[in-house]
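Written below as structure tokens is the structure these notes are about.
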Amino acid sequence: MPKKTFIPQQWEECSDENYTPANNSSLKDDNSNDVERIVSLIEQNSTDIAPSYEEWVRLGFALVDGYGENGRGYFLRLSSLHAGCTTEAAESQYDKCLRSGNSGVTISTFFHLAKQAGISISLPDGNMGIWQNGNLRGCVDRQNDAEISKLPNCQCGNMEKSEENGVSNIQIAKYPFIQSGKTDISDKWIIGEDELPLFPEEVYTHLPPFLDRVVRSAISPTDKDMLLIGAISVLSSTLSQVMGVYDERIVYPNLYLFVSADAGMGKGTLTLCRELVEPINAELRNISRQKQEDSENNKEKDIPMRTLIIPANSSASAFIKTLADNGGVGLLFETEGDTLSQTLKSDYGNYSDTLRKAYHHEPVSLCRRKDREHLEIDCPKLSVVLAGTPGQVRNLIPDSENGLFSRFMFFNVRFEKGIRDVFAVTDSRQSKTEAFRLLGEQYKELMGKIHREASAYEVSIPPLLHGHFMDHYNQLNDECCEAIDNRMQGVVRRNGLMAFRIMMVLTIVRHMTDDIYHPMDEGQHLKLECSDEDYHTALTMTETLLYHSAYMYRLLEKPATRTSESIRNDRREILYSMLPDSFTKQEYLSVVRQLEYSESTCNKWIDRYVAENRLRHCGHSKYEKVLT
462 MPKKTFIPQQ
472 WEECSDENYT
482 PANNSSLKDD
492 NSNDVERIVS
502 LIEQNSTDIA
512 PSYEEWVRLG
522 FALVDGYGEN
532 GRGYFLRLSS
542 LHAGCTTEAA
552 ESQYDKCLRS
562 GNSGVTISTF
572 FHLAKQAGIS
582 ISLPDGNMGI
592 WQNGNLRGCV
602 DRQNDAEISK
612 LPNCQCGNME
622 KSEENGVSNI
632 QIAKYPFIQS
642 GKTDISDKWI
652 IGEDELPLFP
662 EEVYTHLPPF
672 LDRVVRSAIS
682 PTDKDMLLIG
692 AISVLSSTLS
702 QVMGVYDERI
712 VYPNLYLFVS
722 ADAGMGKGTL
732 TLCRELVEPI
742 NAELRNISRQ
752 KQEDSENNKE
762 KDIPMRTLII
772 PANSSASAFI
782 KTLADNGGVG
792 LLFETEGDTL
802 SQTLKSDYGN
812 YSDTLRKAYH
822 HEPVSLCRRK
832 DREHLEIDCP
842 KLSVVLAGTP
852 GQVRNLIPDS
862 ENGLFSRFMF
872 FNVRFEKGIR
882 DVFAVTDSRQ
892 SKTEAFRLLG
902 EQYKELMGKI
912 HREASAYEVS
922 IPPLLHGHFM
932 DHYNQLNDEC
942 CEAIDNRMQG
952 VVRRNGLMAF
962 RIMMVLTIVR
972 HMTDDIYHPM
982 DEGQHLKLEC
992 SDEDYHTALT
1002 MTETLLYHSA
1012 YMYRLLEKPA
1022 TRTSESIRND
1032 RREILYSMLP
1042 DSFTKQEYLS
1052 VVRQLEYSES
1062 TCNKWIDRYV
1072 AENRLRHCGH
1082 SKYEKVLT
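Residue numbers for the sequence shown follow my numbering, so the first one is 462 and each next one is one higher.
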């Protein structure tokens, strides 16, 4: 079956703007009339469909994706409606978009911006193809009010799917996740707290049903993100029978999360996530108490008290013993990060090495000569969820070279002025506490299916996505090392593992609510494949979180190493000083080679010089210094 060509009329009611076209040549042939018609409508209405700078840049990338050089005319016509934009500025911006290569922005962004601005992208006769009222014609059961759960060709998931020889052929926009519109890598990754991104809305489009219920009570986008990543991290502690193979090793879904926020900024939302596993924790403790009571009658000794949630203020020996009693499974949960950091600094409580080892399921042991006690946990499966102020992060992780740093996902809550209505709900039965308590009971019931169905689950990524995963992380690694520091490589590498672990959680939580039941013989693994939607969701989340880790990395840098940005600026100044008053692009590159600088980096610097009004683009590949 041939690949399906992007048709704007089919996309109109689809919420995702980042659809990847099957191929640009066919797209151009099929949609040039539509684009011309829509551009003419925009001109007739004198509508600026890209009023912000970021939208204007994305518009350029969209037209480059669909038409290459031939899209320049459309961009100039649309830019003439953009406030304060000159023809020269539009020409320059389109040149930048052409040089930038694969930005991840596709032609569908053009249709999205037009529709967002109130321009009709329907055909004149109103024909909407297979789409009708936002639903697939012929695929909706109106009587039962059934909803479509999966769009054709994954048009709302940045994916195009076709069936060739019975095998899915998936094309994904290479880097569709964070579209900042910035062309300089350092500008992209070295950002302030107020620029840190939230999860794109597309993350919430295809969540597993249970997680969808979890985030419904959010009162803001930030609150929604905290609930989602907090819930995923907390639930990861309960999935000890779920595994996967990553980097030739067996790994489990366990995650480490630190939510950083100033006092009073709502990080207490995480306490609600704890309620999701509290029924499981309570059941373990009740069973242990009953066994201890029975042992007293039978005069048995040393019946352990099993518990899922382990207190952070435990001594090192108590922490390891509790973890051992739980079969290596546990959740360290604290809403005040100082509770853990103070414990780790004490003589009796330093189990920092245990946390580092447990992240990779490496054996941990305890040996006490006094009691002749020896404990060894072959494969710990520990999850950690913490919250605290930025200062508490530093107390726990003194600098970015600390081994704990790269093991944590960081989510930094931006400052938002204002006080929310604390009396919006006055009935305890309608409180979030009660709602999450009920969700916890539901999750405990769903876990029952998992335990009855199979003793172990093995999650994998579809082979067709392996190449995309590696390309994605190679690109992120190159960017972060160039923009920040080579030591960011460790952070990026573990970010990939975090993505895989989130995929495992999403896959198994989705499976919990499936009607299909696969009873397995004892000892057999039930193999599950991560869906396209869960793959995309996990990668989108972890790339967003990588921006937060990069911010925290720079915050925790030692003073002696906080020089990467200044060094880069010094090199830019040296290059600028060596340029003649007027020069061509080839002469510019000749100076770059003379200095032995990276050509790819310096190609972006020349645009930065222009943006800073230090250079003027005065013709094809010709520049001159702006003399003051």
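Backbone N, C-alpha and C define an ideal beta-carbon position, used for all residues, glycine too. Only a predicted model underlies this, so the values are computations on that prediction, with no experimental measurement involved.
- Membership of Phe794 in the beta strand (DSSP E) is indicated by the continuous run Val790 to Glu795.
- According to the DSSP assignment, Phe872 belongs to the beta strand (DSSP E) that extends over Met870 to Asn873.
- Excluding residues up to 5 positions away in sequence, Arg817 lie with their Cβ nearer than 7 angstroms to the Cβ of Gly864 in the same chain.
- Distance between Leu731 and Asn1064, taken at the CA atoms: about 44 angstroms.
- Distance from the CA atom of Ile503 to the CA atom of Phe930, rounded to whole angstroms, is 39 angstroms.
- Each residue's CA atom was taken as its position, placing Val1052 and Leu659 some 40 angstroms apart.
- Put simply, the region 522 to 532 does not touch the region 1035 to 1051. Fewer than three CB pairs are less than 8 angstroms apart.
- Within 10 angstroms of the beta-carbon of Arg955 lie 16 or more other beta-carbons, which makes it buried.
- In the three-state reduction of the DSSP assignment, His929 falls in the helix class.
- With distances taken between CA atoms, Thr570 lies nearest to Gly527 out of Cys546, Gly527, Ser540 and Pro980.
- The alpha-carbon separation between Cys991 and Glu1057 amounts to approximately 45 angstroms.
- Beta-bridge analysis with DSSP links Lys988 to Glu919.
- Cβ-Cβ separation between Ile1035 and Tyr1049: approximately 14 angstroms, too far for a contact (criterion under 8 angstroms).
- Note that the C-beta distance between Ser701 and Leu792 is not below 8 angstroms.
- The residue among Leu847, Asn715 and Phe872 with its C-alpha nearest the C-alpha of Leu967 is Asn715.
- Burial is judged here by how many other beta carbons sit within 10 angstroms of a residue's own beta carbon; Asp888 has fewer than 16 and is exposed.
- Here Val706 is bridged, per DSSP, to Ile711.
- Judged by DSSP secondary structure, Val720 falls within the beta strand (DSSP E) whose first and last residues are Tyr717 to Ser721.
- Between the region 671 to 683 and the region 968 to 977 there are three or more C-beta pairs closer than 8 angstroms, enough to call the two in contact.
- Going by C-alpha positions, Met726 is about 28 angstroms away from Ser813.
- Here the C-alpha atom of Leu542 lies approximately 19 angstroms from the C-alpha atom of Ile568.
- The distance from the Cβ of Thr666 to that of Ile580 is about 24 angstroms, inconsistent with a contact at the 8 angstroms cut-off.
- In this structure, Glu654 sits away from Asp860, with a CB-CB distance that is not shorter than 8 angstroms.
- When DSSP states are grouped into helix, strand and coil, Cys941 belongs to the helix group.
- One alpha carbon belongs to Ile922, the other to Val952, and they sit about 22 angstroms apart.
- Counting C-beta atoms within 10 angstroms of its own C-beta, Ile770 has 16 or more neighbours from the protein chains shown and is therefore classed as buried.
- Under the three-state reduction of DSSP output, Ser1082 falls in the coil class, being neither helix nor strand.
- Apart from the 5 residues on each side of it in sequence, Gln853 sits with its Cβ closer than 6 angstroms to the Cβ of Gly798 and Asp799 in its chain, given in chain order.
- Sixteen is the threshold: when 16 or more other Cβ atoms of the shown chains lie within 10 Å of the Cβ of Glu940, as they do, the residue is buried.
- His1081 is classed as exposed because its beta carbon has fewer than 16 other beta carbons within 10 Å across all chains shown.
- The beta carbon of Ser802 is closer than 6 angstroms to those of Asn856 and Leu857 in its chain, skipping five residues each way along the sequence.
- The beta carbons of Asn787 and Thr768 sit about 7 angstroms from each other, so the pair counts as a contact at 8 angstroms.
- The beta carbon of Trp650 is closer than 8 angstroms to those of Glu940, Cys941, Ala944, Ile945, Tyr1008 and Ala1011 in its chain, skipping five residues each way along the sequence.
- Cβ neighbours of Ala999 within its own chain (closer than 7 angstroms, five residues either side excluded): Ala960, Ile963, Met964 and Leu967.
- Rounded to the nearest whole angstrom, the CA to CA distance from Asn774 to Gly810 is 8 angstroms.
- Annotation: the continuous alpha helix (DSSP H) that includes Thr804 extends over Gly798 to Lys806.
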